Amino acid sequence: MNFLRGVMGGPSAGPQPSGADTIQKLCDRVASSTLLDDRRDAVRALKSLSKKYRLEVGIQAMEHLIHVLRTDRSDSEIIGYALDTLYNVISNDLEEEEQEENSAKQVDDLGSQFTEIFIKQQENVTLLLTLVEEFDFHVRWPGVKLLTSLLKQQGPQVQQIILVSPMGVSRLMDLLADSREVIRNDGVLLLQQLTKSNAAIQKIVAFENAFERLLDIITEEGNSDGGIVVEDCLLLLQNLLKNNNSNQNFFKEGSYIQRMKPWFEVGDDNCGWSAQKVTNLHLMLQLVRVLVSPTNPPGATSSCQKAMFHCGLLQQLCTILMATGVPADILTETINTVSEVIRGCQTNQDYFASVNAPSNPPRPAIVVLLMSMVNERQPFVLRCAVLYCFQCFLYKNQKGQGEIVSTLLPSTIDATGNSVSAGQLLCGGLFSTDSLSNWCAAVALAHALQENATLKEQLLRVQLATSIGNPPVSLLQQCTNILSQGDKIDRRGSKVQTRVGLLMLLCTWLSNCSIAVTHFLHNPANVPFLTGQIAENLGEEEQLVQGLCALLLGISIYYNDNSLENYRKEKLKQLIEKRIGRENFIEKLGFISKHELYSRAAQKPQPSFSSPDHVMFDHEFTKLVKELEGVISKAIYKSSEEDKKEEEVKKTLEQHDNIVTHYKKVIREQDQELEELKQRINTLTSQNEQLQATVTQQVSQIQQHKDQYNLLKVQLGKDTQHHNSHGDTFQMNGIQTEEVSKLKEELEEWKNKHELLQGQLKEKDSVIEKLSSSQLEMGTTEQASQISKLGGLEHNNELQKELEMLRSQIQLQSVEISKLQMENQKLQVMNATADPLLGDSGAAATSSELEGRLEQEMKELKSEVKALSEEKESLKQQLDSSSSTVAILQDEKSKLQREVAESKKEQDDLLVLLADQDQKISALKMKLKDLGVPVEDEDDTESGDQGDEDEDGDEEEQDETAAVCYHEN
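Structure follows, in structure tokens:
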């Protein structure tokens, strides 16, 4: 306030006093008038004076205007005037003429001071947010402009007030959905100021669907062909995504990267690019780089790179890269963008290696870019961009490194000379008279060797033909020759740039490669040149070269395998001690890290130099210096004994590393086997689950069929007297009529065998009867005949009991067979009732015939049960089980065969017993004949035998009748 008073103090000519008086009167009218029209007119007048008398209006009227905003909200017109007046007071966006008139007053900080007064009460900002919600154009638009101006003047303070305000950010997001383009466009500008350097607000805006709305606006405006609105939207998107990992991840997962592809669809006719289109496309490329920046977390960058490849964005960028007529600054930014999209991503790097330029014959894009890099007529920024692209192509890409180095090897060089390879371009740039080309080619070749000991050894095979008639020299030797010549060769550009580039290449080449160190030391001129450079006291420009020479000599000591007797580690250390001094050597080595350009290069991978003279260090080389500076300093002060111990430790560590590598390989193979087994287990598990589901389904179906069968069985049990068995085609749980017929045929075979056995028994019975009758005829004495009679009766009674037991068993079995026949009848009845082709009349007609046949079969089966004593149980199980199969029937058949064999054996035993008994009876008869005793009454014996014969005859007749009925069926 003191400043404001000082500006107002003192009289001045012109309309200043009258203007101040007028403003005072208008403020009084705003404060004291009761009529709304009077207050509105007064505020309108203040608005008209606010630009010319900004200071006076701000001091005297700000409180009254804020009061109007609070009390007169019902009138949109007065609110609009008040907001416009406050905007004129706070904003510094004056016209040029007004700036010239007020330049003497030096009131550039008036806006900041008035903003501080306005936001001192946080309720004012909250009130302004409420007014911005109003749909009325005369309220909303000036409110948006005023809030934007507040954010420009006091951004962090206003951001904090909006952040803590309920739904503060959400209210402002509604501006993007306004149908009026003026408000929507100014809303974008407001959000630009709101999201500057505030990650919390950036996240809220992003999750309020800002990406979707902004991309829609860009599409509606015509993408890169759009106007300044597209530029504003792109700037807002950069604010939301730059250095905000959460928003970047949200942008990728929301599939918004795919929507960026149409931005870069450039037609064949690239003439006449407007300045706005160049600006828009430049911002679009920068937005892509924000997503894949090397400073982002590696995981997030990699996922974005993969998404850009899969959606075709990388392919579209490569199309622009190879197109003609593209402006130089767009081409440069496109090269930088492609560089970061492919950096460290093997898939993208492989695709980039396959891109060809539309030339005749087609050339790889890498070769075309390298041609621009080593061409001194190309713009400096373009050459730096190509170098960055080449570095990114080789970053963590051993395959690409091998392809570049292979173009230098003798076996792969094109002898015809029709095509230029990348290796030839690099060698041409390395030995050209342009110092910047030398530096770029050296750094590019160093990246081809980065962290790849195999390629460092292969590059030693490269031979160069320096001139006609002279023998070829190695690439390593040629580099050292150029380095030793120094300023003798007239070059364009910096004096030390070429030597710095060659020294960086040699340091990268020799580091961690003992064979390359041996080749370097084998040239007797190299070590004296390095020691001479380090020992001299040169100017500031040469100090950097001295430091790099010290680094190269230190690498030659640290990675020396002592294979050359004259250049062993100990001798090189003694040489440094004598010629340079250890302290001086360490001091010269420290020149590198202390250099200003070294610190700049260490900040980020992209080479960014203000001019060609500042091109000195490469980012990856700064990492190498940081790694080796300390170990070289220690190596210089180590004694020979410590070196020996260190070598032993190194050997031990190498052996340990080999062992670890072996086990890692074994573990890797085991992991692969485990993965395969896991896959097989998963496959088998899924198959098992499918089979279990199938089994469960089948079990449920079987249960349903069983339930249906039981239900039908109950229903058919009630209707048995009306519907008997019928049909030659029925099926119940797998048992077919054909199987029943086979079963009947087997029963017929067993019946025939049973008849044969019965015939044999009858023959034996007849023999026994004859013997007994003969015994009766041959009696001698009465005492002998009684004794014989008692003995014979006892034996005959035993035989009769055994026969009675067999017959009772046969009768029991006949009862079981009858039950089985009843079950068979029920099954046939169920088939008859289930057949839709049979009518009720047909079933009734055949019912009586079937009953007669079944009665005959019953009689026949009763005669057959004598030979099926052991077969009865198995047949009952087969007929009762609804789920029996043909295999079970075969098993039962084998069981029946074993049982019949047992019955045969029992009958044979019985015949043997009868034969023994016959012999005994005959012997007794002979004795009775000798004594003259009668054995038995012949009439009783004949009557008993006759009864047995009658029974046997009846049974035989029944068997014949049953057999006839069976064959008829």
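-1 is the number of the first residue of the sequence shown in the working numbering; add one for each residue after it.
Quick reminder that beta carbons are idealized off the backbone N, C-alpha and C, glycines included.
Model, not experiment: these values are computed from the prediction.
**Message:** Which residue wins for smallest C-alpha separation from M502, given the options R459, S472, R490 and C547?
**Reply:** On the sequence shown, position 504 is the one that residue 502 refers to. The residue with the shortest Cα to Cα distance from M502 is C547.
**Request:** Taking N346 and L312 to be in contact with their CB atoms under 8 Å, please state how far apart those CB atoms are, rounded to whole angstroms.
**Result:** Stepping through the sequence shown from its first residue, residue 346 is reached at position 348. Stepping through the sequence shown from its first residue, residue 312 is reached at position 314. With a Cβ gap of about 6 Å, N346 and L312 count as contacting.
**Request:** With DSSP collapsed to three states, give me the class of R566.
**Result:** Here residue 566 corresponds to residue number 568 of the sequence shown, with the count starting at 1. Here DSSP, grouped into helix, strand and coil, assigns R566 to coil.
**Message:** Buried or exposed for E54, going by 16 or more other Cβ atoms inside 10 Å?
**Reply:** Translated into the one-based positions of the sequence shown, residue 54 becomes position 56. With 16 or more Cβ atoms within 10 Å of its Cβ, E54 is classed as buried.
**Request:** Using a threshold of 8 Å, state whether the C-beta atoms of N245 and A204 are closer than that.
**Result:** Residue numbering aside, residue 245 sits at position 247 when the sequence shown is read from its first letter. Residue numbering aside, residue 204 sits at position 206 when the sequence shown is read from its first letter. In this structure, N245 places its C-beta atom within 8 Å of the C-beta atom of A204.
**Request:** For the alpha helix (DSSP H) holding E627, just list the boundary residues, first then last.
**Result:** Translated into positions along the sequence shown, residue 627 becomes position 629. It spans H617 to Y635 - the alpha helix (DSSP H) in which E627 sits, taken as one unbroken run.
**Item:** Under 8 Å between C-beta atoms of I77 and R68
**Value:** By 1-based counting over the sequence shown, the position of residue 77 is 79. By 1-based counting over the sequence shown, the position of residue 68 is 70. A distance of 8 Å or more separates the beta carbons of I77 and R68.
**Item:** Alpha carbon of G732 to alpha carbon of S892, nearest angstrom
**Value:** Numbered from 1 along the sequence shown, position 734 holds the residue referred to as residue 732. Numbered from 1 along the sequence shown, position 894 holds the residue referred to as residue 892. Caution applies to G732, whose pLDDT of 42 falls short of 50 and renders its modelled position unreliable; the value that the coordinates give is listed next. Those two C-alpha atoms are separated by around 20 Å.
**Cα-Cα separation between L622 and A444, rounded to whole angstroms** = As a position in the sequence shown, residue 622 is number 624, starting the count at 1. As a position in the sequence shown, residue 444 is number 446, starting the count at 1. Taking the Cα positions, L622 is about 12 Å away from A444.
**Prompt:** If V379 and C438 are in contact, beta carbons under 8 Å, what's the gap, nearest whole angstrom?
**Reply:** Counting from 1 along the sequence shown, the entry for residue 379 is found at position 381. Counting from 1 along the sequence shown, the entry for residue 438 is found at position 440. Contact doesn't hold; Cβ gap of about 13 Å is too wide.
**Request:** List the endpoints of the continuous alpha helix (DSSP H) containing N524.
**Result:** By 1-based counting over the sequence shown, the position of residue 524 is 526. In the DSSP assignment, N524 falls within the alpha helix (DSSP H) that extends over N524 to A533.
**Request:** Please go through the same chain and pick out, in chain order, the residues whose beta-carbon is closer than 8 Å to the beta-carbon of L127, but skip the five residues on each side of it.
**Result:** The sequence position of residue 127 within the sequence shown is 129, counting from 1. Within the same chain, L127 has close Cβ partners L145, I160, S163, G166, R169 and L170.
**One or two residues paired with A59 in a DSSP bridge** = As a first step, residue 59 must be located in the sequence shown, where it is residue number 61. Beta-bridge analysis with DSSP links A59 to no other residue.
**Prompt:** What did DSSP end up calling S482 once you bin it into helix, strand or coil?
**Reply:** Residue mapping note: residue 482 aligns to position 484 of the sequence shown, counting from 1. DSSP places S482 in the helix class (H, G or I) of the three-state scheme.
**Message:** Taking the alpha helix (DSSP H) that H308 belongs to, which residues open and close that run?
**Reply:** Taking the sequence shown and counting its residues from 1, the one referred to as residue 308 is at position 310. H308 -> alpha helix (DSSP H) spans P296 to H308.
**Asked** In the DSSP assignment, what residue or residues form a beta bridge with S472?
**Response** Stepping through the sequence shown from its first residue, residue 472 is reached at position 474. In DSSP, S472 forms a bridge with Q461.
**Message:** Does L289 pass the burial test, meaning 16 or more other C-beta atoms within 10 Å, or should it be called exposed?
**Reply:** In the sequence shown, counting from the first residue as 1, residue 289 sits at position 291. Within a 10 Å sphere around the beta-carbon of L289 sit 16 or more other beta-carbons, which makes this residue buried.
**Request:** Pull up the distance between the alpha-carbon of Y254 and that of E218, whole angstroms please.
**Result:** Taking the sequence shown and counting its residues from 1, one reaches residue 254 at position 256. Taking the sequence shown and counting its residues from 1, one reaches residue 218 at position 220. A direct Cα-to-Cα measurement between Y254 and E218 gives close to 16 Å.
**Asked** When the distance is taken between beta carbons, is V130 closer than 8 Å to F112?
**Response** As a working note, residue 112 is residue 114 in the sequence shown. As a working note, residue 130 is residue 132 in the sequence shown. In this structure, F112 lies away from V130, with their beta-carbon atoms at least 8 Å apart.
**Message:** Considering only their Cβ atoms, is the gap separating A326 from V264 smaller than 8 Å?
**Reply:** Here residue 264 is taken as the residue at index 266 of the sequence shown, counted from 1. Here residue 326 is taken as the residue at index 328 of the sequence shown, counted from 1. Cβ distance not < 8 Å, so V264 and A326 don't count as in contact.
**Request:** May I ask which residues mark the beginning and end of the alpha helix (DSSP H) holding E538?
**Result:** Within the sequence shown, residue 538 is the residue found at index 540, counting from 1. Counting along the chain, the unbroken alpha helix (DSSP H) around E538 starts and ends at E538 to Y556.
**Request:** Over the uninterrupted alpha helix (DSSP H) stretch that includes E331, give me the two end residues.
**Result:** Indexing the sequence shown from 1 puts residue 331 at position 333. Element bounds for E331: A326 to I340.
**Prompt:** Excluding sequence positions up to five away, which residues of its chain have a Cβ less than 7 Å from the Cβ of D176?
**Reply:** By 1-based counting over the sequence shown, the position of residue 176 is 178. The answer, listed in chain order, is R182 and G185.
**Asked** Would G323 be called buried (16 or more neighbouring beta carbons within 10 Å of its own) or exposed?
**Response** Here residue 323 refers to the residue found at position 325 of the sequence shown. Counting other Cβ atoms within 10 Å of its Cβ, G323 stays below 16 and is therefore classed as exposed.
**Asked** Is the CB-CB distance between Q157 and I199 below 8 Å?
**Response** By one-based count along the sequence shown, residue 157 stands at place 159. By one-based count along the sequence shown, residue 199 stands at place 201. Yes, the Cβ-Cβ distance between Q157 and I199 is below 8 Å.
**Prompt:** Hey, out of W261, E644 and K250, whose CA is closest to S300's CA?
**Reply:** Along the sequence shown, read from residue 1 onward, the residue named residue 300 stands at position 302. Looking at the Cα atoms, K250 is the closest of the given residues.
**Prompt:** How many whole angstroms separate the CB atoms of L368 and A420, which I take to be in contact at a CB cut-off of 8 Å?
**Reply:** Working through the sequence shown from its first residue, we reach residue 368 at position 370. Working through the sequence shown from its first residue, we reach residue 420 at position 422. At roughly 6 Å, the Cβ-Cβ gap stays under 8 Å, so L368 and A420 are in contact.
**Item:** Identity of the residues DSSP links to A355 by a beta bridge
**Value:** Here residue 355 refers to the residue found at position 357 of the sequence shown. R361.
**Request:** Identify the continuous alpha helix (DSSP H) that holds D559 and give its terminal residues.
**Result:** Against the sequence shown, residue 559 aligns to sequence position 561. Unbroken run through D559: none, as it is neither H nor E.
**Asked** Using CA coordinates, which residue listed in N436, V498, S110 and R375 is at the minimum distance from E590?
**Response** By 1-based counting over the sequence shown, the position of residue 590 is 592. According to the sequence displayed, residue 590 carries Ile and not Glu. Residue V498 is the option with its Cα nearest to I590.
**Asked** When burial is assigned at 16 or more other CB atoms within 10 Å of the CB, is F728 buried or exposed?
**Response** In the sequence shown, residue 728 corresponds to position 730, counting from 1. Summary for F728: the model assigns pLDDT 42, below 50, so the residue's position carries little reliability, and this model does not support an answer.
**Message:** Taking 7 Å as the limit between beta carbons, can you name the residues of its chain near A599, skipping five residues before and five after?
**Reply:** Start at 1 with the first residue of the sequence shown, and residue 599 comes out as number 601. Cβ within range, chain order: F615, D616, H617 and T620.
**Item:** Between the CA atoms of K925 and K799 - distance to the nearest angstrom
**Value:** On the sequence shown, position 801 is the one that residue 799 refers to. On the sequence shown, position 927 is the one that residue 925 refers to. Looking at the backbone, the Cα of K799 and that of K925 are separated by about 26 Å.
**Asked** Does DSSP classify R489 as helix, strand or coil?
**Response** Within the sequence shown, residue 489 is the residue found at index 491, counting from 1. Reduced to three states, the DSSP call for R489 is coil.
**Asked** With DSSP run on the structure shown, which of helix, strand or coil describes D91?
**Response** As a first step, residue 91 must be located in the sequence shown, where it is residue number 93. DSSP places D91 in coil when its eight states are reduced to three.
**Request:** Measure the C-alpha to C-alpha separation of N535 and S492 and round it to an integer number of angstroms.
**Result:** Mapped onto the sequence shown, residue 535 falls at position 537. Mapped onto the sequence shown, residue 492 falls at position 494. Straight-line Cα distance between these residues: approximately 20 Å.
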